[in-house]
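Contents: one structure, followed by commentary.
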């Protein structure tokens, strides 16, 4: 039964303009609904501060969900994103420590370490991609292998300890804001004004965390790559039908390797950013389950695990749905153990409702 | 002639093989940690040093991927099967699920000491189905939680709202700290505990939950971070919210990062357990008992105690040994 004609045939709401909008952007509508409800039930939910906090701490999940979006559209999966992120985090931290010890200046050490760590983070993707295309190992297994390798390497580099002793500049950049405003008095850029007393901190408005322009630029770039140009077209084509892609002349193997390299690079970027956000090099703990929630965000955003469907901005909305669900329930005073149940139930409800809508595109 | 030479060689070979059996056999110790984190790595160092000093053989089992009996029991059983151990030092990851597996190991002739966490209710002095271990060597977590509350109250002038960032609800040590902290705060009528959150050892989750708590109750003045990752996450959240100084942070576990935090002024109090000493005491008491089972009475509970790091003593040379590194 063709999805489009089924939608047109449906009487009433689902066939109407509003219905189609709802169907195509269900995750966004669900998010908006949640925000409205939580602003009523949550204490101090509706505030710039809260929204900035949530978005700022989702920078890593945004990057990991974007990585998974590319992979999932091709019908694959990447289970190694969480541990590659941890590996990049400890590797970057180790480099900074080594360069500083050799007498290099702080700025140079940070810049060089970031560049080297980013360059190195394509390697896990190259390996996974090679194993998947050359040896036809299913992506689940290939990336599970990388999952273990990345984790082992991270634990070896960090010796099981979070890597501390890094320059204070790092969390300053990672957690800084563009604007500091004391209402009615002054505006200060990039830093709290000197001598501002700690006791009056709560009066200060902080606007636009540095992470916000960073992540928006990244998401725009990735969405552009996916939507326009042959890279995006080939990605959707491979996900839609591998055979048809091969027959139409696409070098599927080369493209898949590029996809896994991109996924690995984005995980590495997330890991490097993590060092700026936390100020330490942190290996990923086993129960962090980053890949789990990255895939969940992509699915909530409307992608299909079978491949061929998905958008960067939809996955970003998926990340926000998961984040605001936790945040809103916490601010509404729901106790942690009930919150786990609530998040699970609401997630399933969101996707069930999505499935009720006919497939419109 | 040839026959004599062969006979002599055979006797020599038998003697060479049998001789070690006649000499004093080295005691074999197995250390089964709880999970991969700096606390247990520091404990391993204490155990290694004590075992080397005493001339005992030490095997360290694989560090479990995450906290829980489903991760620990398979590793424990696989490692035990590799040979006979005289002493098992284990941090049980469940007060109930480890009872039966440990009893089976005890029945086969291995003495057991639980370190950091315990089985049952930790009281091995009364007869019960969990009284077979020699001893529980660990922090009195309830006392620690209570002392934290008292120290925090001192910093806050005994009034204000406080929040607790905890980690795994299924760890006996964590539950005890929360209980102790709650009881401690209750002693101060002008103080209120506004919430307890569980980050399950994920630092960024601790950050998220603490930021949400600070958002919900804007007048929180004190926060207690319960273990390595929850403490670091909560501390970072306070820095993120620009509330350094306005919110007093007290942290559990003296990791390098928490100590650095204290030095920078991002937190006000750090409690150091003594994991290294727990390990050392475990080895020492265990070997003492193995040497002379009839006369040595191992205390059923050994509490190494705590050290508190403040801005005043953090740089003292005498305190450096208590940092987890």
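Protein chains in written order, with the working numbering: chain A, 110 to 470; chain B, 1193 to 1517.
The C-beta atom is built at its ideal place from N, Cα and C for all residues, glycine as well.
Asked                                                                                                                                             : Found
beta-carbon residue 140 of chain A near the ligand NAD non-hydrogen atom, thresh 8 Å                                                              : With respect to the ligand NAD, the structure offers nothing, as it holds no ligand at all.
Sufficient close CB pairs (3 or more, under 8 Å) joining the region 1268 to 1287 of chain B to the region 1397 to 1404 of chain B                 : no
Cβ-based burial, residue 1275 of chain B [other Cβ within 10 Å; buried from 16]                                                                   : exposed
Identity of the residues DSSP links to residue 1500 of chain B by a beta bridge                                                                   : B:1463
Collapsed DSSP secondary structure at residue 1339 of chain B in the structure displayed                                                          : helix
Pairwise C-alpha distance: residue 377 of chain A and residue 1430 of chain B                                                                     : 26 Å
DSSP three-state assignment for residue 390 of chain A, whether helix, strand or coil                                                             : strand
Residue(s) in a DSSP beta bridge with residue 1389 of chain B                                                                                     : B:1357
C-beta neighbour in chain B for residue 134 of chain A, strict 9 Å                                                                                : no
Other residues of its chain near residue 432 of chain A: CB distance less than 6 Å, five sequence neighbours each side excluded                   : 163 and 167
Contact check, residue 410 of chain A vs residue 194 of chain A, beta carbons under 9 Å                                                           : no
Separation of residue 248 of chain A from residue 1217 of chain B, as counted between CA atoms                                                    : 51 Å
Proximity below 9 Å, CB of residue 348 of chain A to CB of residue 191 of chain A                                                                 : no
Chain-ordered neighbours of residue 206 of chain A on chain B, where CB pairs are closer than 7 Å                                                 : Those within 7 Å of residue 206 of chain A in chain B number zero; the least Cβ separation is about 12 Å.
Contact belief for residue 153 of chain A with residue 1346 of chain B at Cβ below 8 Å, rounded distance in angstroms                             : About 29 Å; that fails the 8 Å criterion.
Inter-residue Cα distance where the pair is residue 343 of chain A and residue 366 of chain A                                                     : 13 Å
CA-to-CA distance, residue 1290 of chain B to residue 1296 of chain B, given in whole angstroms                                                   : 10 Å
Beta-bridge pairing of residue 1442 of chain B - partner residues as DSSP gives them                                                              : B:1416 and B:1461
Buried/exposed call for residue 1292 of chain B, threshold 16 Cβ in 10 Å                                                                          : exposed
Spatially closest choice to residue 140 of chain A from A:444, A:452 and A:430, by CA coordinates                                                 : A:430
Residue range of the unbroken alpha helix (DSSP H) whose run includes residue 352 of chain A                                                      : 351 to 356
Beta-carbon proximity of residue 1309 of chain B to residue 1325 of chain B, cut-off 9 Å                                                          : no
Among B:1433, B:1230, B:1316 and B:1349, nearest to residue 1380 of chain B - alpha-carbon criterion                                              : B:1349
contact_flag[the region 250 to 270 of chain A, the region 194 to 211 of chain A] where n(CB pairs < 8 Å) is 3 or more                             : yes
Residue-level contact to chain A via CB, residue 1448 of chain B, 9 Å cutoff                                                                      : yes
Contact check, residue 383 of chain A vs residue 198 of chain A, beta carbons under 9 Å                                                           : yes
Boundaries (first-last residue) of the beta strand (DSSP E) holding residue 430 of chain A                                                        : First-last for residue 430 of chain A: 421 to 440, but that is the alpha helix (DSSP H), not the beta strand (DSSP E).
Interface flag, residue 453 of chain A vs chain B, CB-CB below 9 Å                                                                                : no
Inter-residue Cα distance where the pair is residue 428 of chain A and residue 294 of chain A                                                     : 37 Å
Contact with chain A by residue 1393 of chain B, beta-carbon distance below 9 Å                                                                   : yes
Contacts around residue 136 of chain A, its chain only, beta-carbon distance under 8 Å, and the 5 residues preceding and following it disregarded : 409, 410, 411, 423, 426, 427, 430, 459 and 463
Residue span of the beta strand (DSSP E) that contains residue 1328 of chain B, given as start and end                                            : 1327 to 1329
Under 9 Å from the C-beta of residue 1339 of chain B: neighbouring residues of chain D                                                            : You won't find chain D in this structure, because its protein chains are A and B.
Counted within 10 angstroms of its Cβ, other Cβ atoms place residue 1338 of chain B as buried (16 or more) or exposed                             : buried
Secondary structure of residue 1505 of chain B, DSSP reduced to three states                                                                      : coil
Three-state secondary structure (DSSP) of residue 1383 of chain B                                                                                 : strand
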